[in-house]
Each structure stands twice: as C-alpha cells, then as structure tokens.
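Below: one structure, written as structure tokens.
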Amino acid sequence: MANSGQYNTNQNKIEVSKIVKMLAVLLIILAVPMILKTFFPFSLSLIQKIEDFESTQIYNVKNDDRQNDIIQISLDNIKNLQNLEVKGELQYYEQKIKLFGKFCFFIGIYVFLLTQITMIMRVLSGQSTPLLKKDFFIIEYMNRSIANTIEQSLIFILVLGYYFLVVCKIQNVLFVYSSVLLFIFGRIVFIIMYYIAHKTGISTLRSLGFILTVAPYAFMILETMGYKIYGNNHIQY
Numbered sequence: 164m165a166n167s168g169q170y171n172t173n174q175n176k177i178e179v180s181k182i183v184k185m186l187a188v189l190l191i192i193l194a195v196p197m198i199l200k201t202f203f204p205f206s207l208s209l210i211q212k213i214e215d216f217e218s219t220q221i222y223n224v225k226n227d228d229r230q231n232d233i234i235q236i237s238l239d240n241i242k243n244l245q246n247l248e249v250k251g252e253l254q255y256y257e258q259k260i261k262l263f264g265k266f267c268f269f270i271g272i273y274v275f276l277l278t279q280i281t282m283i284m285r286v287l288s289g290q291s292t293p294l295l296k297k298d299f300f301i302i303e304y305m306n307r308s309i310a311n312t313i314e315q316s317l318i319f320i321l322v323l324g325y326y327f328l329v330v331c332k333i334q335n336v337l338f339v340y341s342s343v344l345l346f347i348f349g350r351i352v353f354i355i356m357y358y359i360a361h362k363t364g365i366s367t368l369r370s371l372g373f374i375l376t377v378a379p380y381a382f383m384i385l386e387t388m389g390y391k392i393y394g395n396n397h398i399q400y
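Residue numbers (the working numbering): 164 to 400.
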C-alpha cells in the first residue's frame, strides 16, 4: 500500500510537471508574438535610422564632392574669363597699335611725297647742290614746308599716340581717322597758301593751313584733359 501511494504521488508530480512545462511552452508561444510586435517596429525604426544616417553621410560626402566640383568649376571659369579678358585686351590694343601704325604710315607717305617732289624739282632745275644756296623760290619754299611738316608731324604723332592708345575707345576710331585726314589736309592747305601768300603778299593766308593743322591735336589735348570735344570717346576705368 505504501508503495502504491508513493507511486501515485510520483505520478501526480510527473503530471504536474508536464502541465507546468506545457504552460511554460504555451506562455513562450504567446510571448514571442508580443515580443516581436513590441520590438520589431523598434528594430525597424532603428535600422531605418541607421540607414538614414548612412545615407545622410553618403549624401554629405557626395554634396561636399559636388560643392568641391562646383568650386573647382567656378575657379576654372574665373580663370577662363580672366584669360579671355587678357586675350581680349591684347587683341584690343593690338588693333589699336595696327591702326596707329596706319596713321603714322599715312603721315610718313605725305612727308615722303613732299621730299621726293622737292628732289625731282631740284634735279630738273639743275640746282642739285643746295650748299651753293642758289635754289629757286619754289624749291626753297618746299624745303621750308617739309621742315615745318616734319616738326608738326612729330608733335601730332606724339599727341595722337597717347590719345588713341590710352584715352580713346576703339569704337570711336572714326574721330581719329578724321583728325589724321584733317591734319594732312591742313598741311596741304598750308603749302598752297604759303605759295599764294608769297605771290600776293598776304602773309596771313598761310595761317588757315596752320589752324587746320593745329586744330586736330589741340582737340585731342583738350579731350585728354577731360573736355568732351568729340563726345563720349573716353575709356572708362
């Protein structure tokens, strides 16, 4: 009897133990979804935050690289613009120098023609030895005209060079052309009036040519001093 009672007790303990284990398993089974339901969104949120952080870092790196590229491109553009400006200025002054060379060439051709005409007249007249001082009046007056023309041309070229290369805009080159033509025309009038004054005795006639000669570089000197004779021709600094 004692043995059967003990056996029953052991059986009861085994049954209780099985029930407890089953309840424990059941609780675990029920607890797992609750745990997943609670911690899964948190895990997803944490994972999302980690991914966002990594994306932000990657974006920042890319953005920094992009900004560096933009800065580099901007610097390159600035350098290109500076190079273009330098090239533009060089081309600008190259055009001016070429035009100034043409102006000097025109004046040089005029003086050259005067000297050649005088030389031909001297040879044809037989007065090829000027040291004898037996020149005809026409040759003497041509020599004086040449000397005066060289003197006035030197002054005109110096004033023209500073005005055209430093003060005047390239777009207003027409005014400079007009000044050169007026100067040459004034020298021609001076020579003609010089001869007429000798024949008529009216010495003031040659002053007309002198005025036409002096007027162009007088205007350029006034322009250089700030007086707008030709209009808005000045380079703005």
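Ideal Cβ positions, reconstructed from N, Cα and C, are used throughout, including at glycine. Nothing here was measured: the structure is a model prediction, and the numbers come from that model.
So the alpha helix (DSSP H) residue i belongs to, where does it begin and stop?
{"i": "I301", "result": "F300 to Y325"}
{"i": "V377", "result": "R369 to T387"}
{"i": "Y340", "result": "V336 to T363"}
Is residue j closer than 9 Å to residue i when the C-beta atoms are compared?
{"i": "F348", "j": "R369", "result": "no"}
{"i": "Y325", "j": "T387", "result": "yes"}
{"i": "S316", "j": "F299", "result": "no"}
{"i": "Y380", "j": "I313", "result": "no"}
{"i": "L328", "j": "I260", "result": "yes"}
{"i": "V339", "j": "F268", "result": "no"}
{"i": "L277", "j": "I309", "result": "yes"}
{"i": "H361", "j": "Y273", "result": "no"}
DSSP puts residue i in a beta bridge; with which residues?
{"i": "C267", "result": "In DSSP, C267 forms no bridge with anything."}
What's the call for residue i, buried or exposed, on a 16-neighbour Cβ count within 10 Å?
{"i": "Y390", "result": "exposed"}
{"i": "S366", "result": "exposed"}
{"i": "Q258", "result": "exposed"}
{"i": "L199", "result": "Interpretation of L199 is limited by its pLDDT of 47, a score under 50 that renders its predicted location unreliable; the figure taken from the coordinates is listed afterwards. Flag for L199 reads exposed."}
{"i": "M282", "result": "exposed"}
{"i": "L385", "result": "exposed"}
{"i": "I270", "result": "buried"}
{"i": "S341", "result": "exposed"}
{"i": "V343", "result": "buried"}
{"i": "F382", "result": "buried"}
Please name the residue, chosen from the options, that lies closest to residue i on a Cα-to-Cα basis.
{"i": "I359", "options": "I301, L345 and S342", "result": "I301"}
{"i": "L371", "options": "M356, K362 and M383", "result": "M356"}
{"i": "F275", "options": "I260, V339, N306 and F263", "result": "N306"}
{"i": "L345", "options": "H361, C331, I374 and S308", "result": "I374"}
{"i": "R350", "options": "E303, L337 and A378", "result": "A378"}
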